[in-house]
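For reference, the structure discussed in these notes is given below.
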Amino acid sequence: MKVVLPTPLAEYTAHRREVQASGATLALLLADLDRRYPGIRFRIVDEQDAIRPHIKIFVNRVQEPDLARRLQPADEVLVVAALSGG
Amino acid sequence: MARLRILVGTRKGLFVLGADRARRKWSMQGPHFLGQVVNHAVLDPRDRRTMLAAVRAGHLGPTVYRSDDGGRSWQESAKPPAFGKAAPGEPGESVSHVFWLTPGAASEPGRWYAGTSPQGLFVSEDAGRTWRGIDGFNAHAQRRSWIGGTQDAPPDGGTLHSINLDPADPRHLYIGMSAGGAFESHDAGETWTPLNRGCAADFLPDPDPEYGHDVHCLRVHPRSGDLYQQNHCGIYRFDRVQRRWDRIGRAMPRRIGDVGFPLVLHPRDPQTLWVFPMDGGTVWPRVPIDGKPALYGSRDAGASWQRLDAGLPRAQAWFTVKRQAMCADALDPVGLYFGTTGGEVWASFDEGARWDCLCLHLPHVYSVEAALAD
Chain C
44 MKVVLPTPLA EYTAHRREVQ ASGATLALLL ADLDRRYPGI RFRIVDEQDA
94 IRPHIKIFVN RVQEPDLARR LQPADEVLVV AALSGG
Chain R
12 MARLRILVGT RKGLFVLGAD RARRKWSMQG PHFLGQVVNH AVLDPRDRRT
62 MLAAVRAGHL GPTVYRSDDG GRSWQESAKP PAFGKAAPGE PGESVSHVFW
112 LTPGAASEPG RWYAGTSPQG LFVSEDAGRT WRGIDGFNAH AQRRSWIGGT
162 QDAPPDGGTL HSINLDPADP RHLYIGMSAG GAFESHDAGE TWTPLNRGCA
212 ADFLPDPDPE YGHDVHCLRV HPRSGDLYQQ NHCGIYRFDR VQRRWDRIGR
262 AMPRRIGDVG FPLVLHPRDP QTLWVFPMDG GTVWPRVPID GKPALYGSRD
312 AGASWQRLDA GLPRAQAWFT VKRQAMCADA LDPVGLYFGT TGGEVWASFD
362 EGARWDCLCL HLPHVYSVEA ALAD
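Chains as they are written, first to last, in this note's numbering: chain C, 44 to 129; chain R, 12 to 385.
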């Protein structure tokens, strides 16, 4: 399925913002992303499997905090990085 | 011939100043990791080539990068420092930032230590490619008591820093914590003992607690093994006979006091050290006293101190020098360097007698480390 990534993760994907990955859940999708782009998962979720504070994940434009969320092949996953401050 | 490198970690990237050994001609390389916080960057004195940098992108959390070509290219650790996954229902911890990096002894090529926030201790055996937690500390039954809760930590969180090795025994480790105090291990981190007797903790009700102190910077002399610390509550030297800290900061001028963050030792003379006093009055401004920055140096292990401010701003200078933002090189005479929260790097090539500004306009400086590079 299509995964759209924010610019802070660009160095992991040779600067491709739109990549393909597969998985029956968000957790499995992130594991597949990490196989394709080593190191990328740890920048999105921490060692307790919590989504990092300044990262948000949307499935079909709806924010999804639960990595157990089931996915369908036609779903679109959007990873957003948002940070305030100077 | 080896060249001098000054690694300047900042809030927005890493800058590397370079000079010949005469320290007359300077150049600047970087920024590396532009836009990312670099809490600490260290060049390995064992091979004079490998560099490690503790990096945190605002969005992405903390990691470690390594370079084995003098900073021309960087590779991220395949397994950065991270706590173990908590059991279901148990509260877990996540590394917020990697705060401190220390290379192992000359007899341990490839070994590095890292200190983090929340306060944890990690080790790499492969020059920073992969890291594992030191369970003797991170999983110690009393660790939560030692480090307190998050409400006990400074504004940016409690940090484990000042990882030092005994020059006579690389299995003998010392650490400093900003919420917990000084601890030592004689078995490479398997077991730990508080090392705070005699050190004040004015913010705690117990006048001489076993732990809970606020170490700002702890240094072990690389030849003699003498132990010094700049604490939240003064400057101390460890008396090995009495097994207690002796407050050498009492010899500082009363109106200057003995509060500060960094403490730097002379690389050869264990009696010589430098500190950068900060205003610790009322609400803790943590700026130069009266806006007049000065180092204080001692040549007699803290029995007496001399003000060293020639060349520094005379007034209205209100920057802070952070705990790992001051260092010495190993040349003769010793060069001293410090970076400021205002983005300046200052240097003295005569052990503090005269100061010059090496560069302006960098981001907020977090760390300054000097090393010789091949």
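The beta carbon of each residue, even a glycine, is placed where N, CA and C say it ideally should be.
It is roughly 21 Å from the alpha-carbon of Asp-77 (chain C) to the alpha-carbon of Gln-106 (chain C). Looking at the DSSP output, Glu-87 (chain R) bridges to R:Tyr-76. Taking 9 Å as the threshold, the shortest C-beta distance from His-97 (chain C) to chain R falls below it.
In summary, the residues of the segment 59 to 85 of chain C whose CB is separated from some CB of chain R by less than 8 Å are Pro-81, Gly-82 and Phe-85, in the order they occur in the chain.
In the assembly as shown, Trp-295 (chain R) is an exposed residue. Its beta-carbon has fewer than 16 other beta-carbons within 10 Å.
Collapsing the DSSP output to three states places Glu-61 (chain C) in a strand. Cβ neighbours of Gly-245 (chain R) within its own chain (closer than 7 Å, five residues either side excluded): Ala-211, Arg-258, Gly-260 and Asp-269. Of R:His-375, R:Gly-302, R:Phe-349 and R:His-43, the smallest CA-CA separation from Gln-327 (chain R) is found for R:Gly-302. Residues are counted here when their Cβ sits less than 8 Å from a Cβ of chain R; for the segment 88 to 114 of chain C these are Asp-89, Glu-90, Gln-91, Asp-92, Ala-93, Arg-95, His-97 and Ile-98, given in chain order.
Ser-156 (chain R) and Gln-130 (chain R) have their alpha carbons spaced roughly 12 Å apart.
Per the Cβ contact rule, the segment 115 to 124 of chain C is not in contact with the segment 25 to 33 of chain R (fewer than 3 Cβ pairs under 8 Å). Scanning its chain for C-beta atoms nearer than 7 Å, with the 5 sequence neighbours on each side dropped, one finds around Asp-361 (chain R) the residues Pro-344, in chain order. If you look at Ser-38 (chain R), you'll find it isn't in any alpha helix (DSSP H); it sits in the beta strand (DSSP E) that goes 37 to 43. For the 9 Å CB-CB criterion, Leu-323 (chain R) and Met-337 (chain R) do not form a contact.
Boundaries of the alpha helix (DSSP H) around Gly-147 (chain R): 146 to 149. Around the Cβ of Asp-340 (chain R), a 10 Å sphere holds 16 or more other Cβ atoms; the residue is buried. Counting along the chain, Phe-85 (chain C) sits inside no beta strand (DSSP E); it lies in the alpha helix (DSSP H) bounded by residues 83 to 87. Taken in chain order, the unbroken stretches of beta strand (DSSP E) that lie wholly in the segment 247 to 329 of chain R and span 3 residues or more are 255 to 257, 271 to 276, 284 to 288, 306 to 309 and 317 to 319. Val-109 (chain R) is not a Cβ neighbour of Ala-150 (chain R), given a cutoff of 9 Å.
Here DSSP, grouped into helix, strand and coil, assigns Glu-380 (chain R) to strand. By the C-beta density criterion, Phe-214 (chain R) is exposed, having fewer than 16 other C-beta atoms within 10 angstroms.
For Leu-15 (chain R), no alpha helix (DSSP H) segment is defined; the enclosing uninterrupted segment is the beta strand (DSSP E) at 14 to 21. For Leu-71 (chain R), no beta strand (DSSP E) encloses it, and the DSSP letter there is neither H nor E. Contact of Pro-91 (chain R) with chain C is assigned, a C-beta pair being separated by under 9 Å.
The C-beta of Glu-355 (chain R) comes no closer than 9 Å to any C-beta of chain C.
Buried is the label assigned to Gly-363 (chain R), since at least 16 other Cβ atoms lie within 10 Å of its Cβ. Rounded to whole angstroms, the gap between the alpha carbons of Gly-159 (chain R) and Ala-193 (chain R) is 14 Å. Against chain R, a Cβ distance below 7 Å from Pro-51 (chain C) picks out Ala-68, His-70 and Leu-71.
For the segment 78 to 108 of chain R, residues whose beta-carbon sits nearer than 8 Å to a beta-carbon of chain C comprise Glu-87, Ala-89, Pro-91, Ala-93, Phe-94, Gly-95, Lys-96, Ala-97, Gly-103, Glu-104, Ser-105 and Val-106. In this chain, the beta strand (DSSP E) harbouring Ser-173 (chain R) covers 171 to 177. By the Cβ-count criterion, Glu-380 (chain R) is buried, with 16 or more other Cβ atoms from all chains shown falling within 10 Å of its own Cβ. Along the segment 114 to 126 of chain C, going in chain order, the ones with a CB nearer than 7 Å to a CB of chain R are Ala-124 and Leu-126.
Annotation for Trp-85 (chain R): Tyr-76 and Ser-78 place their beta carbon closer than 6 Å to its own, counting only its chain and skipping 5 residues before and after. DSSP lists R:Ile-186 and R:Pro-205 as the bridge partner or partners of Phe-194 (chain R). Contact between the segment 80 to 98 of chain R and the segment 63 to 73 of chain C is absent, with fewer than three C-beta pairs closer than 8 Å.
Separation of the CB atoms of Gly-187 (chain R) and Gln-240 (chain R) is rounded to 7 Å, and the pair is thereby assigned contact status at 8 Å.
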